[in-house]
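Trainee: Before I ask anything, let me first share the structure, which is written out below as structure tokens.
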Amino acid sequence: MTHNASRRFFLGGSLAATAAGAAGIISPASLAASGQVVKPANLYGPKPGIAKLNANENPYGPSPEALKAIAQAASSGGAYYAYTASQYLTDMIAEKNQLSAANVAITAGSSLILAFAAYAATSKGVILGPDLFWDTTSMAPVRTGGPQIKRIPNTANLDIDLDAIYQAIDDDVAMVHICNPNNPTGKLLEPTKLREFCVKASKKTLVLVDEAYNELISDGPSHSMIPLINEGHNIIVARTFSKIYGLAGMRVGYMLGSPENIEWIEQFGLGGYSVNQAGLAAAIASYHDEGFKTFSRDKVAQAKEMIATAVKENGLTALPSSTNFMFVNLGKDGDANTFRQAMEAEQVLIRGQYRSYTPWSRVSTGRIEDVQMYVNAMPKALDTMYKAIRA
Ligand SMILES: Cc1ncc(COP(=O)(O)O)c(C=O)c1O
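If you want it as structure tokens, here you go:
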């Protein structure tokens, strides 16, 4: 992957440069111009005064227990590859899901194993998915000359159209990619319907369900497709420590599947080499921390309430969200890119337009004070957007 491609991967294409600027990231170009490397005050997080609501992180993490574990792991294990801790977390995950260690692969964030799955699938055929989903990893092989994703339109309500996806499975399809709850819509599929789809579709091809936001749903386990792996269906499920656990910067994610599927996908990766001691320590300390998860869920609920109220007060609508972000409809003349720029001028970072969905704007929940900045900035940012559209 080139330097530019990897930046695109993390920051989102053309939005990367402006988002990086507002977040206070020093660009290689500015370093070259200055002739010296200046350590930014915000090397490890957003610049003070910036409301970072563009990447669905949980800024309330790492939990207190995770912070202690990170310090301990870094001092006693930082010099060593993380073999034992990686095995230990693998066993914890296997045990919780009533699977074995051979059913689990851990990587530096779920993006990595999701990308490996995409490379594995496209070595055999095409990936089939909805028009609107978190396609970053399924797009990775496309950028290196692999087949385009076969996309099926979302319904009028922006739901994933499972029936149409099922109908579209043919011999060329090597993997179906479903994200539930979906990003960027925040919508959750009805679990019985998704289960039926997964059972049926997995008889024809491999089905990937990305459950990155599952723990944000209060009854997450009843929405998970992990039990289908136990029942022997051809299904893989991705999970991450980046969302509810508040460990996006610590980079730990995992995939569950049959030993055969896990082994096949891991061939495209590096096995345990990608994970680090501090991230693993944080994940191990957080995995069963129900107190921290409840605390985080409460903060997300409070933030979503604030966003929903602001949306209504400004005459807009938003989709119901089962995640830590909301998909706001800026109206028929709305323009998510112009709105994003107007928000950035108010020190609030949000996402711009997705594909052809011009009026749809995604905002993450974050620290309550950051969400308050978004709420406060909304009337002015909308006004700026309307003026720009009329100009
Ligand atoms: C649906 C979904 N899956 C996976 C990821 C990647 O998460 P990570 O690589 O941090 O585990 C994201 C990130 O936003 C996401 O939205």
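Numbered per mature numbering (1 follows the signal peptide of the UniProt record, and there is no 0), the sequence shown spans residues -32 to -1, 1 to 359. The C-beta atom is built at its ideal place from N, Cα and C for all residues, glycine as well.
To the nearest angstrom, how far is the alpha carbon of D129 from that of H201?
Mentor: 21 Å
Trainee: S329 and A304 - do their beta-carbons sit closer together than 8 Å?
Mentor: For the pair A304 and S329, the CB atoms are nearer than the 8 Å cut-off.
Trainee: With a floor of 3 residues, list each beta strand (DSSP E) that falls wholly inside the segment 285 to 345, ordered by position along the chain.
Mentor: Runs of the beta strand (DSSP E) inside the segment 285 to 345: 293 to 297 and 328 to 332.
Trainee: Using only the heavy atoms of ligand 1, determine whether one of them is closer than 7 Å to the beta carbon of N24.
Mentor: yes
Trainee: Confirm, please, whether the CB-CB distance from Y28 to F236 is below 8 Å.
Mentor: Result no, Cβ atoms of F236 and Y28 do not sit closer than 8 Å.
Trainee: Using the Cα positions of E312 and V331, report the straight-line distance between them to the nearest angstrom.
Mentor: 12 Å
Trainee: If you reduce the DSSP assignment to three classes, tell me which class P189 lands in.
Mentor: helix
Trainee: Let's test the definition: count the other Cβ atoms within 10 Å of the Cβ of L238 and tell me whether it reaches 16, buried, or not, exposed.
Mentor: Result: exposed.
Trainee: Pairing CB atoms from the segment 142 to 149 with CB atoms from the segment 95 to 109, are three or more of them under 8 Å?
Mentor: yes
Trainee: Which residues share a DSSP beta bridge with H145?
Mentor: L176
Trainee: Excluding five sequence neighbours on each side, which residues of the same chain lie with their C-beta closer than 8 Å to the C-beta of K355?
Mentor: none
Trainee: How would you call M341, buried or exposed, if buried means at least 16 neighbouring beta carbons within 10 angstroms?
Mentor: buried
Trainee: Whole-angstrom Cβ separation of G302 and M353, contact assumed at under 8 Å?
Mentor: About 7 Å separates the two Cβ atoms, so the contact holds.
Trainee: When DSSP builds the beta bridges, which residues end up paired with T208?
Mentor: G221
Trainee: Buried or exposed for P347, please, with buried defined as at least 16 other CB atoms from any protein chain shown within 10 angstroms of its CB.
Mentor: Using a 10 angstroms sphere on the CB of P347, the tally of other CB atoms stays under 16, which defines it as exposed.
Trainee: How many angstroms separate the CA atom of G77 from the CA atom of A180?
Mentor: 10 Å
Trainee: Decide if L11 is buried, meaning its Cβ has at least 16 other Cβ atoms within 10 Å, or exposed.
Mentor: exposed
Trainee: Anyone know if the C-beta pair for G259 and I74 falls short of 8 Å?
Mentor: With a cutoff of 8 Å on beta-carbon distance, G259 and I74 are scored as not near each other.
Trainee: List, from N- to C-terminal side, the alpha helix (DSSP H) runs of 4 residues or more that fit wholly inside the segment 227 to 265.
Mentor: 227 to 234 and 245 to 254
Trainee: Using 7 Å as the cut-off, classify the Cβ of L82 as near or not near the heavy atoms of ligand 1, replying yes or no.
Mentor: Taking 7 Å as the cut-off, one finds at least one heavy atom of ligand 1 near enough to the beta carbon of L82.
Trainee: Going by the CB atoms, is the gap between A70 and I230 shorter than 8 Å?
Mentor: yes
Trainee: Can you tell me whether S210 sits near ligand 1, meaning its C-beta is under 7 Å from at least one heavy atom of the ligand?
Mentor: yes
Trainee: Per DSSP, V72 forms a beta bridge with which residues?
Mentor: Within the DSSP bridge table, the entry for V72 names L224 as partners.
Trainee: Is the beta carbon of S78 within less than 7 Å of some heavy atom of ligand 1?
Mentor: yes
Trainee: Helix, strand or coil for I38? Go by DSSP, reduced to three states.
Mentor: helix
Trainee: Whole-angstrom Cβ separation of L176 and N292, contact assumed at under 8 Å?
Mentor: Going by Cβ atoms, the distance from L176 to N292 rounds to 22 Å, so no, they are not a contact pair.
Trainee: May I ask you to list the residues that DSSP assigns as paired with A19?
Mentor: V316
Trainee: From what residue to what residue does the beta strand (DSSP E) around V94 run?
Mentor: If you look at V94, you'll find it in the beta strand (DSSP E) that goes V94 to P98.
Trainee: Just to confirm before moving on: does the CB-CB distance between A9 and A250 stay below 8 Å?
Mentor: No, Cβ-Cβ distance for A9 and A250 is not below 8 Å.
Trainee: With distance defined between alpha-carbon atoms, name the residue in K211, I197 and A271 nearest to M223.
Mentor: Of K211, I197 and A271, the residue nearest in Cα terms is I197.
Trainee: If you reduce the DSSP assignment to three classes, tell me which class K118 lands in.
Mentor: strand
Trainee: Measuring straight from C-alpha to C-alpha, what distance separates L287 and M193?
Mentor: So the alpha carbons of these two residues sit roughly 23 Å apart.
Trainee: Count the other CB atoms, across all protein chains shown, that sit within 10 Å of the CB of Y51; report buried if there are 16 or more and exposed otherwise.
Mentor: exposed
Trainee: Assuming the contact rule is C-beta atoms closer than 8 Å, L317 and N22 should be a hit. Round their C-beta distance to whole Å, please.
Mentor: With 8 Å as the limit, L317 and N22 qualify as a contact, their Cβ atoms being about 4 Å apart.
Trainee: Tell me, please, whether the segment 101 to 119 touches the segment 77 to 93 by the rule of three or more beta-carbon pairs shorter than 8 Å.
Mentor: yes
Trainee: In the DSSP assignment, find the alpha helix (DSSP H) that holds E63 and state where it starts and stops.
Mentor: Where E63 is concerned, the enclosing alpha helix (DSSP H) stretches over Y51 to K64.
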